[in-house]
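Residue numbers (the numbering used here), protein chains in the order written: chain A, 2 to 453; chain B, 630 to 972; chain C, 968 to 1350.
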């Protein structure tokens, strides 16, 4: 780390001059770690502060990435006092003033993570090393989130995770510098199991198809435990390869397996394809064990619901948030997002927006950008008005504890965005769990690692 | 157990027909033009998006804004009036219902044009160039094609409903006089299976029984001699590329109800289609078809959990494992000719 | 130097070394002068040079080299976890393991040639990737990737000291290898690799490999068994891929399965052909170009674009941003694809051929003086 890199003028040149077509001086060759006792990575010294957005702009999650980017742009406008203020008006308690963060105007740099851990890390490193990002945020998979989170811990930069649903992000792989607003697979299990038992009865036999990687396994385990505790039986749990376009060879054995519920632990295009194909196998018109055969998708988003079309109708799943919730925060966010972009926000957009605001608010309350102080301000922070009811940023694992939604595919959509209905809101006490069950170690906030 | 095995076999045939269909077009291009076309998956994707486009045209709507009502996100509520139904009434509704099979009609001219433009514009300059350069240029084209689709249709998959009459599953067991509701299989997959067999059969018949096909087959065997006989082989090869594009495109159209099309599907099908072609033997049409069915059936059986319990992950690698074993035992795949693509 | 290489080669090597070591300054005007990207420039340069030793010299097109890259990464990470944080044993271990993999895969795949060889390598690599992502998760940590944790045994380090506090970082005898140190460390390996490639190209062994490329049958008829030579080239190139993979773990301690996917194998093919197959410098240039696209072009969002087009009036600026936005930012793949197509159509020898054409055009215009200079050099090139 050298002085030259910190200079805001150089950073400005790089950003505005299309990556510095104007020559920007000699690159730093010196390496002077720990030269500043009170210094920390990318301490903003000028009139601006930079967020680093790590977004999947290409690949299968490009739509989620685009939605997250819109949300961050909106959040940054609102933080800078532009636009209608959005959730700034309803966040309680709030230290935000609408004049940037600590008087510094917020701006952003972005990078295409391609939903790959390696690329996400490279992008985050660039935004930290070259562009002077004070905080990294975004992402659309747990692999990415965990990879970037551990990088941020090494560099001493706070990471506000976007879409990541694996238990590991705030469990086994939790980090002091990483924070997650999104809910997790364990909470999906807690939330959905009682609803399933109520709707489909306690005497059910479930067949799991699970994406064969870490996230799929944790979700399968969570849902299995939660449903078995209610008296369900698990007939079989079969792993399917990631990105298998055709799932028919996994669906045929379901038919005569004696199961009467199919649980699809898939995400993204995998979920769109497996659900579409399962419906074509007539599984929703089928009788098994004298009952109606049912399909359950424990986690899905409205973007995936759009991809699955009418096959999603009547399917139960869980969500972090949905735009037609009736509270003030949700209404305010839907309104300002819709006014800006002409469509309601997705849950990805919501979690991205909220994370940006929460970080800014924590800086204001801490009175500094110094990461350990910001971390302290976030840990145990209790707030309300962001659309999920009263929410706690739990200090033990940096997981937001809030209500979880059980959603259901809309049978009679009134427009192209109206694909889901909120079926039930599971309150925070019910969705609560003991952070100790997943182990993991946050690590220390201090000494602050100096970024390279 | 019988019904489970029977279903897996049926499923393998069905998957195999899809593989064979994709491999067929690839082999036509390689066998006639000697070009390794990495953009073949992209042609498949173009076909799928013909169906998307056709449906979008059929479901065009007039949108008027209701000044009174506002949606929750503050935009005026849109009142949509479907045009086709307004103009044609019930006929319009039938058109929309059958949009996927009907878009085959759109896909044939579109894919023919795409194929011919692609061959005349770029591919023909690569006949004499090394295979590595053919791979690179077509791979580059595949990326470009995917990105164009993304720019036009967006990154999210777009579901294509099949005709209502063909939804759901067929009770094959009951047809065969067995117990009902045991051996059932999606109707559309049966349609696709028959469609694939039909296309494969017509292409083979076309090559076998028409003068055009005879000349092309002769050209595949010995291009120079056929050229020396005064036959314009180049033009026939251009048309052959167009036909291969049409085959890929029609396969893509009919696949849309099974797999909501997105811009990544071209790349998703690239590797598997090449493995099929190579296992069959480069340039051999019967080889490609046999390899398609072989890989489909093996993949289907390898996905059974009874087998996976013994060999964890076997379903993920079975395709490649078969490719390795076949290629190591049979030097040129199942039915490849000597000296083709070995240098 | 003159003893071990010709004057022309020495000039090339010194010139290359100067460019590599001065990259922190040279890359600054392009916005690429930060350690992480320059490390990747070095690492993928090694990968591409190694790939070119196989493909450029023997003509065998492997579509599975990413497997060796990934295996190298995992091996280095396990060395960090079990043995020591020192980079040297990690790199040695990684190169050795990648060499073993390359020996087995190469031995089997080289029984076939042409596209059959390509598909065999692709099949092996895809098997490695699929298994690493799923059932081998206990070894590879699957989706989330293999990382170091404080509690790892690291037996060699424990012999000398207690586990230090804080995040473990790979080092070279106590010197941390993150940031600029990591860049210079990898740069030394790139130069060594370049030197090796140069020696191989000019050696009798290299001549033999080129013979395999131009006409394997004739080589076989003359009584040479070419396979051992091709296999040696395959193993060397696999080991260099393993070296590159281990360096990526040294500078950025995470080993993930995605780097073994077929698209990653395809990427190194593209790098090599883009820069110029069979040339010494070409693959490195191709690697730099692709990594530059991936990291820098993808970051030009609408914000950056509108400040770039700031000089235009409002309406024109928005139009310019929309149009340009299709090619950079989320559309950077489109630019990359178009560039490939253009280069392959018009410059089959890659960028190096373009450089040659331009320089020969200048030389022709410059007259006889340069021609004599070239004449002086040519005898030494024949040595």
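The beta-carbon is built from N, C-alpha and C at its ideal position, and this holds for glycine as well.
Taking just the CA atoms, how far does residue j sit from residue i?
i, j, result
"residue 943 of chain B", "residue 795 of chain B", "33 Å"
"residue 917 of chain B", "residue 647 of chain B", "12 Å"
"residue 1204 of chain C", "residue 1019 of chain C", "8 Å"
"residue 1082 of chain C", "residue 910 of chain B", "10 Å"
"residue 31 of chain A", "residue 1261 of chain C", "At residue 31 of chain A the pLDDT is 33, less than 50, meaning the model places this residue with poor confidence; the figure from the coordinates comes in the next sentence. Roughly 27 Å between the two C-alpha positions."
"residue 1150 of chain C", "residue 1317 of chain C", "27 Å"
"residue 1027 of chain C", "residue 1201 of chain C", "9 Å"
"residue 662 of chain B", "residue 358 of chain A", "59 Å"
"residue 816 of chain B", "residue 1227 of chain C", "38 Å"
"residue 155 of chain A", "residue 136 of chain A", "13 Å"
"residue 432 of chain A", "residue 874 of chain B", "53 Å"
"residue 814 of chain B", "residue 729 of chain B", "20 Å"
"residue 404 of chain A", "residue 266 of chain A", "21 Å"
"residue 205 of chain A", "residue 350 of chain A", "36 Å"
"residue 112 of chain A", "residue 66 of chain A", "10 Å"
Are residue i and residue j touching if we call contact CB-CB under 8 Å?
i, j, result
"residue 642 of chain B", "residue 829 of chain B", "no"
"residue 1258 of chain C", "residue 1098 of chain C", "no"
"residue 1194 of chain C", "residue 1087 of chain C", "no"
"residue 1014 of chain C", "residue 1254 of chain C", "yes"
"residue 256 of chain A", "residue 213 of chain A", "no"
"residue 347 of chain A", "residue 119 of chain A", "no"
"residue 304 of chain A", "residue 220 of chain A", "no"
"residue 996 of chain C", "residue 130 of chain A", "no"
"residue 412 of chain A", "residue 314 of chain A", "yes"
"residue 867 of chain B", "residue 748 of chain B", "yes"
"residue 1065 of chain C", "residue 1208 of chain C", "yes"
What are the residues that DSSP puts in a beta bridge with residue i?
i, result
"residue 136 of chain A", "A:52, A:159"
"residue 208 of chain A", "A:237, A:263"
"residue 692 of chain B", "B:709"
"residue 960 of chain B", "B:962"
"residue 102 of chain A", "A:105"
"residue 407 of chain A", "A:319, A:425"
"residue 601 of chain B", "Not covered by the structure: residue 601 of chain B. The range shown for chain B is 630 to 972."
"residue 1034 of chain C", "For residue 1034 of chain C, which the question treats as bridged, DSSP gives no partner whatsoever."
Spatial neighbours of residue i within its chain, please: CB distance less than 7 Å, with the 5 preceding and 5 following residues excluded, ordered by chain position.
i, result
"residue 187 of chain A", "168, 223, 434"
"residue 37 of chain A", "Residue placement at residue 37 of chain A is poorly supported in this model, since its pLDDT is 39, which falls under 50; the coordinates are not used for a value here."
"residue 836 of chain B", "842, 845, 846"
"residue 121 of chain A", "55, 114, 140, 145, 148, 149"
"residue 1117 of chain C", "1130, 1135"
Going by beta carbon distance, what residues of the same chain come within less than 8 Å of residue i, once the five residues before and after it are set aside?
i, result
"residue 110 of chain A", "16, 51, 52, 53, 54, 128, 132, 134"
"residue 889 of chain B", "786, 787, 788, 789"
"residue 696 of chain B", "705"
"residue 701 of chain B", "none"
"residue 105 of chain A", "45, 47, 48, 49, 50"
For my contact list, residue i and residue j are in at a C-beta cut-off of 8 Å; report their separation, rounded to the angstrom.
i, j, result
"residue 215 of chain A", "residue 1110 of chain C", "4 Å"
"residue 319 of chain A", "residue 408 of chain A", "7 Å"
"residue 1231 of chain C", "residue 1040 of chain C", "Not really, about 11 Å apart at Cβ, beyond 8 Å."
"residue 675 of chain B", "residue 774 of chain B", "7 Å"
"residue 1042 of chain C", "residue 1060 of chain C", "5 Å"
Might you give, ordered along the chain, the residues of its own chain that have their beta carbon closer than 6 Å to the beta carbon of residue i, omitting 5 neighbours on each side?
i, result
"residue 386 of chain A", "91, 92, 93, 330"
"residue 689 of chain B", "712"
"residue 28 of chain A", "Confidence at residue 28 of chain A is low in this model, with a pLDDT of 34, below 50, so its placement is unreliable and the value that follows should be read with caution. The answer is none, since no qualifying residue turns up."
"residue 150 of chain A", "160, 176, 179"
"residue 930 of chain B", "637"
"residue 436 of chain A", "397, 398"
"residue 632 of chain B", "811, 812"
"residue 990 of chain C", "1005"
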